[in-house]
Amino acid sequence: MFAIAAGVAAIVGLQSLALSVEDTVTNDIQTTHQADIVVSVEDRRGGSQTTAGTGVGESPAFASPVFSEEERSAFQELAANDGWVDSTYVYVANPERPSFIAAAGGAGTGGQFFLQPYLIEPGKYPLYGEIRAVEPKGAPLGELLTSPGEIALSRSIANRVGVGIGDSVTLENSRAFLVKGIVSNEAAGSPLFAPIFVPPLPWFAYVALDDPIARETFNLDEGDANVLFIKTRTPADAAALAGVERSGLPAGESIRGISSTFDVETAEEALPEIEDATDILGKFLLIAGLVSLVIGGIGILNTMLVVVGRRTMEVGILKSLGLKGRQIATLFVIEAVLMGLVGSIAGVLLGILLSFALTGFGEQFLQSNIDWSLQTEPIINGLVVGVVVTVVFGFLPVLAAGRVRPNVVLQAQSSTLPRSGRVVSLVVVLALAAVIGVVASVFVGNWTIGMIGTYGAMAILALLSLALLLVVWLVGKLPTFGSITLKLSLRGLSRQRGRAASTLLALVVGLFAMSTIVILGDSMKQFVDETLESELGGNLLVILPDPDLEIRDQARDEIDRLGQAERVVETHEFENATLVAINGAALGRPGGDPGATRPPGLGSLQFASTMLAQSDASADDAPEMLEGRYLVPEDAGRAVVVVGSDPPWLQSPIFGRASVGNEPTIIGRALVGDDLTFLVNGQEVTLALVGKMASNHLHVGFSQGHFLVPMDAIPDSVPRSSIGFQVTVPEGESAAAAAQLNRNIPGVVTVEVDAIASLFKEILDRITVLPSVLSALALFTGAVIIANSVALATLERRREIALMKTVGAKANKVLTMLLIENGILGIIGGAIGVLLAILILVIFHQVQPDVPVSPNPLSILFVLAVALGVALGAALLSAWPASREKPLEVLRYE
Amino acid sequence: MASDTSEVMLRATMLEKHFQMGDTVVHALRGVDIAVTKGEIVAILGASGSGKSTLLGILGGLDAPSAGRVEIAGVDITKMNENELAEIRNKKIGFVFQFFNLISTLTALENVELPVQFSTGGQFSSRKRAEELLALVGLQERLRHRPGQLSGGEQQRVAIARAMANAPDVILADEPTGNLDTATGESVMNILFDARRETGATLVLVTHDAQVAARANRTLTMQDGLLV
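Following this line, the structure appears as structure tokens:
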């Protein structure tokens, strides 16, 4: 009954959570969406645009586009419309690159950290719902930011920087802001800033939009903003104002009419997307619940086998009194239904508690508050599924009960259940799978997936069970080294191989889930570490505020002045560089020779995202080359270039083909020795190709480009898109060095690479929190099965235990025997779970090479320890009382 | 009663045992006094439910009495904890049951080895001792057989060998022939008596069989929880 309750609890708990999430985000769609209409400025750089701070000649590289004055006036005019109730402007700072925060005035840890600043109108934002501080507890955002230079931080960033209320911080090396409040990490959660399933950065801050210090920090003029939230009277008003087709207002008189470059979304428009996302989440959680229930089903099967087996005598008596097999089976089915019902009711109650407990994890995962509520749907589902699964899994033993021969009554001590026959069993199993398939299909809402999924899962489970049977058989053959306890344990395992295998199966499923999450999380973290190390090649990242060569020279001097830089790599990026000619032969362009059409697939030879990197990274760690050579120090200032293997077409023989008539002719293929001519920010630069690298990526800093050129190969007259340094300083010196560079170079941002790593890890932790909880839940169900199995095993072996005690075994010896037995199961279950997880991840890695697989031995030990702990803990529950029983009590009544 | 001049191996004084069965209290033993001298063979007769098996179980430390005391070789076992009782059962007492009660997953040899392996600081090598005892009961050819592969008589012989494993002072047999046919029963009893004679152990056996009882030094009858 416990097994049923655990399975039903999982299904009720998870489905309730899914429904609560759905209700929370869809019932109050305005709160989720933060407004009835959200208008944001798309990135209009590259064309005529308005960017923050354009009036004062600041660099466009770090500023975001904002609404123009005309656009704001147009909004104001629209606001006169009756349907427009309220609105508030927000400036989401630097959405394309993170901002930086550091403690000021001696407080905090001294380092700089990433964060996402939101400049808001404190009294008005948010239009729906409210944000209250966790410190000072309950204070509304509007009351925190009342004077210039005040800031409210998320809990996570406050902890990271090491500041509290009353401390000062700087943003982008700005003047100091006074920390007035700390808000929960969930406060920023919304589809706008964080689409569901992509957890938002928990590092953010709010400052007032009209705060002059904030405006100065982000180069904003008065009134500059890039997002507008609008509250309307009705959804129809929102549609009309937004300019949704056929909504009433002529398109020209709507928000979409003001500018075609706005990103406009009404709450209603956002709803299907949100519903889809929550629907996927719901199905994911439901399937997790169903898996738990199937594991629970195995427990039910075991329970029914023992229950019926122990009542063979009773069945024999009933038959000797004239009851038919069918009538006996009916009796047991009724019993199974009752058992299923009582177990399911207990499971529903447990599940309600579970869903309440899981809400916290869900909130952490989604970075959003979830309104927990009692739902009727999962309760009904839980009851129905619980009873169905109990009857389904209980049916095979019941079938066997009907075949008990009445003469068992004459043979005392007989409790052997007859077999139900292989063909009959197979037919029954297939029929029962169909029943489960129907249930699964109804839940998933797709018959094909439900039925194929169920039969597929049953087939996998059957194969796995067979393999586990073999494992249990092999374990029974292990040497016992003369230990009677070990011998009895191994014999105990091999006596009930089927049950041991099914217990193992439950454990393996739970531990597989846990191992997958743990190994994947580990691999991702290691991948982040390795990538950062290999990409950045240093422990400090210095980013200049503008790609200005004068500031670059100043930065070089300051880095020299540090006196402890072990290695310095300077990187210059050139966005929008275009390869235009090879050996002087122009590559085909649209509008060129009418007879020369480019082969399909190549498209334009413009590759706008290509960057040229300038570096002195021609150091010892030369990468593998396909052809030619890597850069050497002597290349400094020479007009040479190496190319990565990416893009692949550059390596392809068809590169640069053009058609003459119908026959394609190679007009250009980059070979080592060729001169490549690029159009870089309006200027032509010709470089000799000296080598082709084997690697797919050619990274310098955060830039991912196709070409690498030596330092000073590109004339200073060609404008850079950005300039940065990667600096390696001795361990332990990075914080001080970062602080020194930040202090001495105006506007520079120096970040410790560790901070970047910890950012990624924090995000990974958030992504993995819910799957981890689900795997723990699967493991919990596995633990329940073990407890159930041990209880059954001890029930069956009460006589054996009593006998052992009769001939002098002490209680601890008996306990040790049962614990060894289950400890072996735990270790094997853990090992198989880990191996399966690694296997699946390795296969997945072959298909999807971006997903790294690098299991951490410590984590594997952790999973094995969990497996052992779960097995021993569950075993102890029933083994302890069994080991304490008085022998005569058992011998007399068994 | 045994003569006062002989050494008393087993003594029970004013033994009482009460069970709660549903709403009623069953008085299985209602003040039993018994003393068995060293090497004596005592048969206990009585109708079903008269308290014979309960008495035997309490004498062997398998259960605790509700009142009274039990002494084995002068040592009061009623005050002992579970571990001390296990030690007494292991070293001082051998049990033979009606339904053999062998461990089904172990071979005949392993079943007989069990008490020796459970004993701490024992005097025997378990394998050698088990082989000797199984030879003594005539099962030297069936050492590797599991209980399921042995006949009832053979199983009971294994049980007798197991009871003798640690050369106990007392053997308690609860209807040892109750589940066997007459011929097998007689042969098993011969083996039991022979084994007892070899070791000089005290034997208390519960039986319905008057012929078996006739082979004892003394016969006691139980009725409604009392020796009459």
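Residue numbers (the working numbering), protein chains in the order written: chain H, 1 to 894; chain C, 895 to 1122. Ideal placement from N, C-alpha and C gives every residue a C-beta, glycine not left out.
With fewer than 16 neighbouring CB atoms inside 10 Å of its own CB, P849 (chain H) falls in the exposed class. Proximity of chain C to G492 (chain H) at the Cβ level (cut-off 8 Å) is accounted for by T999, in chain order. Looking at the DSSP output, K137 (chain H) bridges to H:V134. Residue-level contact by beta carbon fails for A906 (chain C) and chain H, as no gap is shorter than 8 Å. Looking at the DSSP output, V1064 (chain C) sits in a beta bridge with C:I987, C:T1096. Judged by DSSP in its simplified three-state form, W372 (chain H) adopts coil rather than helix or strand. Inter-residue distance for F760 (chain H) and A205 (chain H) is about 18 Å (C-alpha atoms, whole angstroms). Classified as buried, P710 (chain H) has 16 or more neighbouring CB atoms from the shown chains inside 10 Å of its CB.
Using a Cβ-Cβ distance cut-off of 8 Å, the segment 476-490 of chain H and the segment 450-457 of chain H are not in contact, since fewer than three pairs of beta carbons, one from each stretch, lie closer than that value. W447 (chain H) sits exposed, since fewer than 16 C-beta atoms from the chains shown fall within 10 Å of its C-beta. Separation of the CB atoms of A225 (chain H) and F113 (chain H) is rounded to 25 Å, and the pair is thereby denied contact status at 8 Å.
Taking the C-beta atoms as reference points, A152 (chain H) is found nearer than 8 Å to K180 (chain H). For G951 (chain C), the residues of chain H that pass the 7 Å Cβ criterion are L888, in the order they occur in the chain.
Not one beta carbon of chain H lies nearer than 8 Å to the beta carbon of R1051 (chain C). Bridge pairing for M625 (chain H): H:M693 [DSSP]. In the three-state DSSP reduction, G962 (chain C) falls in the strand class (E or B). For the C-beta of L819 (chain H), not a single chain C residue is nearer than 7 Å; the gap to the nearest is close to 17 Å. The contact set of L803 (chain H) on chain C, defined by CB atoms closer than 7 Å, consists of N995, I997 in chain order.
Taking 8 Å as the threshold, the shortest C-beta distance from E377 (chain H) to chain C does not fall below it.
Every beta strand (DSSP E) of 3 residues or more that sits fully in the segment 205-254 of chain H is shown, in chain order, as 227-232. Not flagged as an interface residue toward chain C: K137 (chain H), since no C-beta distance is shorter than 8 Å. By DSSP's assignment, R552 (chain H) forms no beta bridge with any residue. For K477 (chain H), no chain C residue has a Cβ inside 8 Å of its Cβ, as the nearest lies near 14 Å away. Neighbours of A1002 (chain C) across chain H, judged by C-beta separation under 8 Å, do not exist; the nearest C-beta is about 14 Å away. By a beta-carbon distance limit of 8 Å, N302 (chain H) contacts L792 (chain H). Their separation comes to about 6 Å. A straight-line Cα-Cα distance of about 47 Å links A757 (chain H) and L815 (chain H).
Taking a 10 Å sphere around the C-beta of F481 (chain H), we find fewer than 16 other C-beta atoms and assign the residue as exposed. Between F989 (chain C) and L1097 (chain C), the gap from beta carbon to beta carbon reaches 8 Å or more.
DSSP links D86 (chain H) through a beta bridge to H:K231. Under the 8 Å criterion on CB atoms, R924 (chain C) is classed as non-interfacial with respect to chain H.
In this structure, C:D957 is the residue among C:T1101, C:D957, C:A1055, C:R983 with its C-alpha nearest to the C-alpha of L888 (chain H). When only Cα atoms are considered, L271 (chain H) and V21 (chain H) end up about 14 Å apart. Beta-bridge partners assigned by DSSP to F678 (chain H): H:L579, H:V685. If you compare the alpha carbons of H:N788, H:L540, H:V640, H:A879 with that of A736 (chain H), the shortest gap goes to H:L540.
If you ignore the 5 residues before and after V508 (chain H), its C-beta comes within less than 6 Å of the C-beta of G829, I832, G833, all in its own chain and listed in chain order.
The CB of V790 (chain H) never comes closer than 7 Å to any CB in chain C; the least such distance is about 17 Å.
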